[in-house]
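Protein chains in written order, with the working numbering: chain A, 1 to 208; chain B, 1001 to 1208; chain C, 2001 to 2208; chain D, 3001 to 3208. To start, the structure under review is shown below, and the notes come after it.
Protein chains: 4
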Amino acid sequence: MAVRSNNAQNGDLRRLILDTARHLLVQDGYSNLSMRKIASEIDYSATSIYLYFDNKDVLLHALIDEGMKQLFEALSNIAEQHEDAPLERLEALCGAFISFGLSNPEYYEIMFQLRPERMERYPPEKYREARRNLDFFRSALDEGASQDVFDVDDPRVSASAIWASLHGTVSLLLAERVDVRIDRDDFIQAAIRQTLRSYTRSATARHP
Amino acid sequence: MAVRSNNAQNGDLRRLILDTARHLLVQDGYSNLSMRKIASEIDYSATSIYLYFDNKDVLLHALIDEGMKQLFEALSNIAEQHEDAPLERLEALCGAFISFGLSNPEYYEIMFQLRPERMERYPPEKYREARRNLDFFRSALDEGASQDVFDVDDPRVSASAIWASLHGTVSLLLAERVDVRIDRDDFIQAAIRQTLRSYTRSATARHP
Amino acid sequence: MAVRSNNAQNGDLRRLILDTARHLLVQDGYSNLSMRKIASEIDYSATSIYLYFDNKDVLLHALIDEGMKQLFEALSNIAEQHEDAPLERLEALCGAFISFGLSNPEYYEIMFQLRPERMERYPPEKYREARRNLDFFRSALDEGASQDVFDVDDPRVSASAIWASLHGTVSLLLAERVDVRIDRDDFIQAAIRQTLRSYTRSATARHP
Amino acid sequence: MAVRSNNAQNGDLRRLILDTARHLLVQDGYSNLSMRKIASEIDYSATSIYLYFDNKDVLLHALIDEGMKQLFEALSNIAEQHEDAPLERLEALCGAFISFGLSNPEYYEIMFQLRPERMERYPPEKYREARRNLDFFRSALDEGASQDVFDVDDPRVSASAIWASLHGTVSLLLAERVDVRIDRDDFIQAAIRQTLRSYTRSATARHP
DNA sequence: AATGAATGAGCATTCATTCAT
DNA sequence: GATGAATGAATGCTCATTCAT
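The following block contains the structure:
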């Protein structure tokens, strides 16, 4: 697939491996990803991959890290754009999360759907770092609560509940489990609206 | 493990295989489930399994069907118990769904987390049948709407959105991705309340 | 090498595998023995070996056991033949041990030269059982001592010392480390005589 | 592990490689010694080793040579110390050999336990040179015979027989094959005494 | 004097499946 | 109704070595 001459520049192979792994991840899923397939896809020997990644898990963790960073960037941008309006910010964050998941299915599975027991070598501090992304939601809730826009008991718990809702939405869409007769965007909007409504104070927010 | 004599009754082998597969599924997860392991667990030859299931996928589909049926039973019971109170019914359905997911992680994974594209031989009509379970939620919404208890635009879409939220909740818990400092039951309650709030008309419902 | 039709009779494959492993052991040594080589030598798939042996170690242990049994038989026969004459018995035992080692080089390495640390899965009780063979030497010394033929302090220690001497003799010969100008049989005789002399009381025994 | 700055002095890399190889040999044994491991241990590229050693075998032979030289030194010192007393000299030589083997298991394995047939590239004259060490034993026997202290037929053969005994002693100890209930030093003393007794003329030598 | 990039061959093991009986 | 025998394909990984720089 990728042609050898692509690799003219030194160090690009690492990048090429990561990209190829991502593509295979979308196609075949995590449990069907193999070092050999990656290698053959890029026309290198399987051994070569080990020059850049100590083992399969390390390669995977590198991908997860990339995904987490990208998600962080995306949410970070959104948060900045709506600095002063917690409600709009939260809504935009929800949209951004779903949008990230849908446009990066390759990252999504390894980032959020893998069970830790089956990824033994993933350093626990990574999970903690990954949780940074939740803080965007929590901050929005916090600030919205102090501005009396939101009605929130425990922002930490609520942030997780929101995340759960978004995660479910992305997961079902990626797994193609949503009734095909339902319009994709309608579904997404419904999911977001459902989530926001729960925390918004004024009844007017219900039909924006 | 299971002893041969368990199989006294003729034809029970099919049953025994399914049960064993389920147990192994809980223990090791879907991707570690193997025909060989099932066979050795019940002290039959691997070949014997093929007398009852054409291949691994067929066996898997049988398990999925069982899971769907069990879930259907569970939701069905709940629905009957709260026949006249759509709100309570919806709440109970949510609880039942989450509870089913958490107590049957083995089923949950194959029922809702496997991607159909990677399970090529699963007949599509099964998914349709599986979607029957959604109708419980939809009916509750429908009836609630006609009783002016719920504020719902499109019950079919909303039912899916609710499902997404529940699915996300179960998924995150099963994947052990929820912040350990958050109490499990608090999280579940928050998720359910978040979902219900969105559709309930009266403000009083917010703090039950 | 071995032809497929050899395997007409069921169960012979196990035997064929063991024999082939033995041959390869002589040729290439323990550290170069591989399941694949065994398989390809007998024109079977590597997988087939696993039908008869759970893993490589189990296969190896089976060989060690066979070797130990054969050595036991050999020494046992010798012991019976010289029941009443401890000196002759000891001499014959020494000869038999060396002779076993030289005619079963494939067994010898795995039986006596492997370091236990590199054979992790070998059950410790096997080592104990293996030590049975030493008892023949010890008994001879014991009886010889009580008949005043031998001068022995601690028969257990002496038996081990004798074993060491014989083991060294076999090892050097197998490793082709003995000066080629020395006649093989002279060397063996010298080694045995050296060993016996140490324990025999009468000076006359020195030049039999 | 070893730090790069250790290599301040130009050309020492060869030395560093040999030392590291020796350490790894002790830790993991010959069959687990790999160029890659050596290289990573000293923080050099694997390629660098090939600047000093054409291939793994050459490196190994260099190690063997070093071992042989060290053994030669050890025996040589002993021989000088007991120049006039063949009996004491022989006894000391035996002790020194065993002691060398036990304190240099890394060398011992490659020096005496590797089969030449499996080390194809080792030049045969090396083995001859290695055999120099045997001459210390032979000389002691020769001189002892001419002083009527020893009773020896063919010193060359006897020297080899003694060597065999010592070699067996070291081998069994290194392979941890000696009954654990036997005290290590008792065993060594017994082995040496057994060897000496065979050649000493006077009965008094038996219980020194 | 030293390296980075790359590889082909090899390893033990597991798996779903087939076929003759 | 059940089995034993067998396999091809795959997997993660390690190794000694080469070559251009």
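Where is the CB? At the ideal position from N, CA and C, for every residue including glycine.
- By the Cβ criterion, the stretch 3083 to 3102 of chain D is not in contact with the stretch 3043 to 3054 of chain D, since fewer than three pairs of Cβ atoms, one from each stretch, lie closer than 8 angstroms.
- For Q113/A, there is no enclosing alpha helix (DSSP H), as DSSP gives it neither H nor E.
- The C-alpha of N1055/B is placed about 36 angstroms away from the C-alpha of I98/A.
- By the neighbour-count definition (other C-beta atoms within 10 Å, threshold 16), P155/A is a buried residue.
- In the three-state scheme derived from DSSP, where H, G and I count as helix and E and B as strand, F150/A is classed as strand.
- Per DSSP, the continuous alpha helix (DSSP H) segment holding P1086/B begins and ends at 1086 to 1103.
- Residues of chain D whose Cβ lies closer than 7 angstroms to the Cβ of V2157/C are, in chain order, I3182, D3186, F3187, A3190.
- Check the Cα spacing between L1051/B and each of L1013/B, L1075/B, E1041/B, A1021/B: the tightest is with L1013/B.
- The Cβ of G29/A sits closer than 8 angstroms to at least one Cβ of chain B.
- Between S2160/C and L2134/C, the gap from beta carbon to beta carbon is short of 8 angstroms.
- Residues L1134, F1137 of the same chain have their beta carbon placed closer than 7 angstroms to that of W1163/B, with the five preceding and five following residues left out of the count.
- At a cut-off of 8 angstroms between beta-carbon atoms, L2141/C makes no contact with chain D.
- For V1178/B, a Cβ of chain A is located within less than 8 angstroms of the residue's own Cβ.
- It is roughly 46 angstroms from the alpha-carbon of S2198/C to the alpha-carbon of I3038/D.
- Within the stretch 2011 to 2023 of chain C, no residue has its Cβ closer than 7 angstroms to any Cβ of chain D.
- Take the alpha-carbon of L3033/D and the one of A3021/D: they are about 7 angstroms apart.
- Chain-ordered, the chain B residues with CB closer than 9 angstroms to the CB of S171/A read F1112, Q1113, A1164, H1167, G1168, S1171.
- One thing to note: C3094/D has its Cβ no nearer than 8 angstroms to the Cβ of I3182/D.
- By the Cβ rule, the stretch 3168 to 3177 of chain D counts as touching the stretch 2112 to 2122 of chain C, because three or more pairs are nearer than 8 angstroms.
- Listed by position along chain C, the residues whose Cβ is nearer than 9 angstroms to that of S3045/D form an empty set, because the closest Cβ is around 26 angstroms away.
- For I1110/B against G1067/B, the beta-carbon gap comes to about 7 angstroms, under 8 angstroms, which counts as contact.
- Going by DSSP, H2023/C is part of the alpha helix (DSSP H) stretching over 2012 to 2028.
- Nearest in C-alpha terms to A2190/C, of all of L3018/D, V3152/D, T3200/D, D3185/D, is V3152/D.
- Linking Y2107/C to E2125/C through their CA atoms gives a straight-line distance of about 19 angstroms.
- Residue environment: R89/A is assigned as buried (16 or more neighbouring CB atoms within 10 Å of its CB, all protein chains considered).
- Out of L3172/D, Q3070/D, S3158/D, the CA that lies nearest to the CA of D2186/C is found in S3158/D.
- E80/A counts as exposed, since fewer than 16 other C-beta atoms from the protein chains shown sit within 10 angstroms of its C-beta.
- Against chain C, the beta carbon of S3146/D has no neighbour under 8 angstroms; the closest one sits roughly 19 angstroms away.
- For T200/A, the pairing in a beta bridge is given by DSSP as F150/A.
- The three-state reading of DSSP puts E1109/B in helix, counting H, G and I together.
- R3156/D sits in a helix when the DSSP states are folded into three classes.
- For P2124/C, the enclosing alpha helix (DSSP H) stretches over residues 2124 to 2130.
- Per DSSP, N1055/B lies in no alpha helix (DSSP H) segment and is marked neither H nor E.
- Excluding its 5 nearest sequence neighbours in each direction, P2105/C has C-beta neighbours in its own chain below 7 angstroms: V2026, L2174, listed in chain order.
- Separation of S1165/B and E1041/B (C-alpha to C-alpha, rounded to the nearest whole angstrom) is 37 angstroms.
- Proximity of Q1194/B to chain A, defined by a Cβ-Cβ separation below 8 angstroms, is satisfied.
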